[in-house]
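**Student:** The opening position of the sequence shown corresponds to residue 65 in the numbering used here, with each subsequent residue numbered one higher. Just so it is clear, CB atoms sit at the ideal spot from N, CA and C, and this is done for glycine as well. Below is the structure I would like to discuss, written out as structure tokens.
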Amino acid sequence: MPPRIFIGDILYCASRVHPDWEWTCLVRSEEKGAKVAAEYPQVRLVYGTTDDSDLLEEEASKADTVFHSAASDDHVPSAQAILQGLGRRAANGPAYYIHTSGGFALAAATLATGKYGERFDKIYDDWDHVDELTSLPDHAPHRKVDKVVLAADPSKVRTAIVAPAVIYGKGRGPDKKKSAPVSEPFLRPRRVFVVGKGENIWHNIHVQDLTQLYLLLGEAAVNGGGSATWNAQGYYLAENGSYVNRKMLKLASSILYKKGLVSSPEPEEVTVEQSESILPWLKIMVGVDSQGIARRGRKLLGWSPTMPTFEDELEAALETDARAMGLSQLSNAMGAIEFCNSPNIKHTCSKTQDETNNPRPVCTQCTDPTRCIYPESGKRGLPQGYITHLETRLASTEQALFAVYEHLRSLGLHAEIPEGLGETPPSRSQTRVAKMAEWERLPLTGRGDLERWWTERRGGMVGYSEGLVGDSQGQAASLGVGSSREDGGSREEVAERKGQAEELARGEAGVYF
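Structure below.
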């Protein structure tokens, strides 16, 4: 009888190599199910989520082998349900459970010390020191689920944990076709950031090479365990190389700058605190150190990654993400960016008609708008710094709203939220600079922050303290930000505005640089 496979997401490769296997696939919706059925008509579909423990247990009890990769690394109930179900069929011999964890589990030292952007000496090894991986500290990421899997009775269920490093490359599944982990934090703000020193290291693996490791483990399971090791010895790292974050981010910044998608060819170094204001998870994505060598799969299963390296795939991944996000170049023409940044070319100011050697003149026609230190009202779109702050504020607002709603839901109080949520107390008109100052002064990252924000909003006290509001409004009005003034004024007035622009740019580097 062909083996029955209950699998979360991994279908493409194994279904082609072993069409005789009977497959069951968990899908979350009819829409996703239609995509799977179109490509894999032989697959039996089960509709549900990883929260449907009874369903998972029942389906697992019918399977010989389960691959779990659907948000598996931090979801304890689904792992428990699968193991419970597989344990029910022990009379027919042990079942097999191939569980997906992640290389983030190796970042415990960074998280414990808070030393983001630093390299640690510890390099894990899944062959000589597999016991270090199966006994990671409880504060390590994914540890709660790993412990559940490792605690399985080997006489009933034989388990293997696969911990992939950073996954990149184009997938071949029916829904998710790509994995480009470095794009998200940089394409939106149009800047590449390095957290701290940027000396931390991440290993990486192409998604198609990862699939091969799953296939080899699946084949071993079907053959009674094969040459693979399981349970206490069944921890498999998955990587095929590594990168130092600063070097990788410098390469990404260079690629994106040449395409007109970021404002500088060099990554911007930020502190941990600054990174949290840019994106709450930025320090995690580019600041943790996770080093582990994958030897077990190579030695026991003959696993041999063959796909292009992370560096080889990086440019294509960034291009794909930029297109998917609908992003365009920062300037109308790349030649304009090169022209304005050339120190050897004189420019003529569009206001004064004077020539200047400044590589970023008042001229708004040819300079990169995110780098120009002379923002002029009505001449270009919003400063990129303001857009970045706005997007960050929206993200933190959504995160705060989600956390509050989730808490109310856990208490059963969400049903008491009225259909009409009411109106937020109106705030007075503010300059963009004042708004950004308010957002930085009143973050939404915790209960205390929310209380301060609520108190000020209810009292109508929004914005800077009185002294700062006056100063910022005065400067902004002189610059024309929020002003409807059309004429350029005398040369003396232009020179005065120019000086104020430089002063504001230096004082608000996060806005204009």
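Please state the DSSP three-state secondary structure of Asn295.
**Tutor:** Indexing the sequence shown from 1 puts residue 295 at position 231. Helix at Asn295.
**Student:** Could you pull the start and end residues of the beta strand (DSSP E) that Ala159 belongs to?
**Tutor:** The residue you call residue 159 lines up with position 95 of the sequence shown. Run containing Ala159: Ala159 to Thr164, per the beta strand (DSSP E) assignment.
**Student:** In whole angstroms, what is the alpha-carbon distance linking Ala143 and Pro329?
**Tutor:** If you number the sequence shown from 1, residue 143 lands on position 79. If you number the sequence shown from 1, residue 329 lands on position 265. Cα-Cα distance, rounded: 44 Å.
**Student:** For Ser247, name the three-state secondary structure that DSSP assigns.
**Tutor:** For the purposes of this step, residue 247 is taken as the residue at position 183 of the sequence shown. It is coil, neither helix nor strand.
**Student:** Buried or exposed, going by whether 16 or more other CB atoms sit within 10 Å of the CB of Lys363?
**Tutor:** For this step, residue 363 is matched to residue 299 along the sequence shown. Counting Cβ neighbours within 10 Å, Lys363 comes out exposed, since fewer than 16 surround it.
**Student:** Would you kindly report the start and end of the unbroken beta strand (DSSP E) that includes Tyr111?
**Tutor:** Numbered from 1 along the sequence shown, position 47 holds the residue referred to as residue 111. Its beta strand (DSSP E) spans residues Arg108 to Tyr111.
**Student:** For the alpha helix (DSSP H) that contains Trp211, what are its first and last residues?
**Tutor:** As a position in the sequence shown, residue 211 is number 147, starting the count at 1. Note that residue 211 is Lys in the sequence shown here, rather than Trp. Looking at the DSSP string, the run of the alpha helix (DSSP H) that includes Lys211 is Arg207 to Leu214.
**Student:** Evaluate contact between the segment 355–374 and the segment 262–280, counting only Cβ atoms and requiring at least three cross-stretch pairs below 8 Å.
**Tutor:** At 8 Å Cβ cutoff, the stretches touch.
**Student:** Using DSSP with H/G/I as helix, E/B as strand and the rest coil, what is Phe257?
**Tutor:** Within the sequence shown, numbered from 1, the residue matching residue 257 stands at position 193. Residue state, collapsed to three classes: strand.
**Student:** Could you check the C-alpha separation between Asn304 and Gly97 for me, to the nearest Å?
**Tutor:** Working through the sequence shown from its first residue, we reach residue 304 at position 240. Working through the sequence shown from its first residue, we reach residue 97 at position 33. Spanning the two alpha carbons is a distance of roughly 32 Å.
**Student:** Evaluate the contact criterion for the segment 105–123 versus the segment 267–275: three or more CB pairs, one atom per stretch, below 8 Å.
**Tutor:** They do not touch, by the three-pair rule.
**Student:** Assign Ala171 to one of two classes, buried (16 or more other C-beta atoms within 10 Å of its C-beta) or exposed (fewer than that).
**Tutor:** The residue you call residue 171 lines up with position 107 of the sequence shown. Flag for Ala171 reads buried.
**Student:** State the start and end residues of the unbroken alpha helix (DSSP H) segment that holds Ser117.
**Tutor:** Counting from 1 along the sequence shown, the entry for residue 117 is found at position 53. Looking at the DSSP string, the run of the alpha helix (DSSP H) that includes Ser117 is Ser117 to Ala124.
**Student:** Look up Ser406 in the DSSP assignment and say whether it is helix, strand or coil.
**Tutor:** As a position in the sequence shown, residue 406 is number 342, starting the count at 1. A caution first: Ser406 carries a pLDDT of 34, below 50, which makes its placement in the model too unreliable to give a value.
**Student:** Here's the rule I'm using: 16 or more other beta-carbon atoms within 10 Å means buried, otherwise exposed. How should Asp385 be labelled?
**Tutor:** Stepping through the sequence shown from its first residue, residue 385 is reached at position 321. Label assigned to Asp385: buried.
**Student:** By DSSP, does Lys186 sit in helix, in strand, or in coil?
**Tutor:** Taking the sequence shown and counting its residues from 1, the one referred to as residue 186 is at position 122. Three-state DSSP puts Lys186 in coil, outside helix and strand.
**Student:** Using 8 Å as the Cβ pair cut-off and three pairs as the minimum, do the segment 285–294 and the segment 372–389 touch?
**Tutor:** The answer is no - the segment 372–389 does not touch the segment 285–294, with fewer than three Cβ pairs under 8 Å.
**Student:** Tell me, please, whether the CB atom of Gly181 is closer than 7 Å to any CB atom in chain B?
**Tutor:** Protein chains in the displayed structure number just one, and chain B is not present.
**Student:** Only counting the same chain, and skipping five residues up and downstream in sequence, which positions put a Cβ closer than 6 Å to that of Arg580?
**Tutor:** Outside the shown range of the chain (65 to 577) lies residue 580, about which nothing can therefore be said.
**Student:** The alpha helix (DSSP H) with Thr384 in it runs from where to where?
**Tutor:** Taking the first residue of the sequence shown as position 1, residue 384 is located at position 320. Where Thr384 is concerned, the enclosing alpha helix (DSSP H) stretches over Phe374 to Ala388.
**Student:** For Leu147 versus Ala216, is the C-beta distance shorter than 7 Å?
**Tutor:** Counted from its first residue, the sequence shown places residue 147 at position 83. Counted from its first residue, the sequence shown places residue 216 at position 152. A contact, by the Cβ cut-off of 7 Å.
**Student:** Kindly indicate the opening and closing residues of the alpha helix (DSSP H) around Ser341.
**Tutor:** Translated into positions along the sequence shown, residue 341 becomes position 277. Looking at the DSSP string, the run of the alpha helix (DSSP H) that includes Ser341 is Val336 to Ile342.
**Student:** Going by CA-CA distance only, name the one from Glu95, Glu94, Ala101 and Arg92 that's closest to Ser79.
**Tutor:** On the sequence shown, residue 79 is found 15 positions in, with the first residue counted as 1. When each option's Cα is compared against that of Ser79, the closest is Ala101.
**Student:** CB-CB under 7 Å to Leu197, same chain, minus the five flanking residues each way: which ones, in chain order?
**Tutor:** Along the sequence shown, read from residue 1 onward, the residue named residue 197 stands at position 133. Excluding sequence neighbours, Leu197 sits near Tyr188, Asp190 and Tyr299.
**Student:** Report the option in Arg254, Trp294 and Tyr321 whose CA atom is closest to the CA atom of Glu455.
**Tutor:** Stepping through the sequence shown from its first residue, residue 455 is reached at position 391. Answer by Cα proximity: Arg254.
**Student:** Any idea what DSSP makes of Leu391, helix, strand or coil?
**Tutor:** On the sequence shown, residue 391 is found 327 positions in, with the first residue counted as 1. Coil at Leu391, not helix or strand.
**Student:** By the DSSP assignment, the beta strand (DSSP E) with Thr88 in it spans what residues?
**Tutor:** Within the sequence shown, numbered from 1, the residue matching residue 88 stands at position 24. Glu86 to Val91 is the span of the beta strand (DSSP E), which, as asked, contains Thr88.
**Student:** Bridge partners for Glu303 per DSSP, in chain order?
**Tutor:** By one-based count along the sequence shown, residue 303 stands at place 239. For Glu303, which the question treats as bridged, DSSP gives no partner whatsoever.
**Student:** List the endpoints of the continuous beta strand (DSSP E) containing Arg222.
**Tutor:** Residue 222 sits at position 158 when you count from the first residue of the sequence shown. From DSSP, the beta strand (DSSP E) with Arg222 extends over Val221 to Pro228.
**Student:** Grab the span of the alpha helix (DSSP H) containing Ile319 for me, first residue to last.
**Tutor:** Walking along the sequence shown from the start, residue 319 turns up at place 255. First-last of the alpha helix (DSSP H) with Ile319: Asn309 to Lys322.
**Student:** Please classify Ile451: does DSSP put it in a helix, a strand, or coil?
**Tutor:** The residue given as residue 451 occupies position 387 in the sequence shown. Three-state result, Ile451: helix.
**Student:** Identify the residues that DSSP records as bridge partners of Tyr76: which are they?
**Tutor:** Here residue 76 refers to the residue found at position 12 when the sequence shown is read from its first residue. The partner list for Tyr76 (beta bridge, DSSP) is empty, contrary to what the question assumes.
**Student:** Of the choices Asp84, Tyr469, Leu475 and Arg310, whose alpha-carbon is the least far from that of Pro331?
**Tutor:** Reading the sequence shown from its first residue, position 267 is the one you call residue 331. Per the Cα distances, Arg310.
**Student:** By alpha-carbon positions, which one of Val336, Pro344, Ile74 and Leu391 ends up nearest to Gly324?
**Tutor:** Here residue 324 is taken as the residue at index 260 of the sequence shown, counted from 1. Gly324 has its Cα closest to that of Leu391, out of Val336, Pro344, Ile74 and Leu391.
**Student:** Could you tell me whether the Cβ atoms of Asp353 and Arg207 are closer together than 7 Å?
**Tutor:** Sequence index remark: in the sequence shown, residue 353 carries index 289 (1-based). Sequence index remark: in the sequence shown, residue 207 carries index 143 (1-based). No. Outside cutoff.
**Student:** Can you list, in chain order, the residues of its chain whose CB lies under 7 Å from that of Tyr180, leaving out five sequence neighbours each side?
**Tutor:** For the purposes of this step, residue 180 is identified with residue 116 of the sequence shown, where counting begins at 1. So the qualifying residues of the chain are Thr174, Val259, Gly260, Val336, Lys347, Gly351 and Val352.
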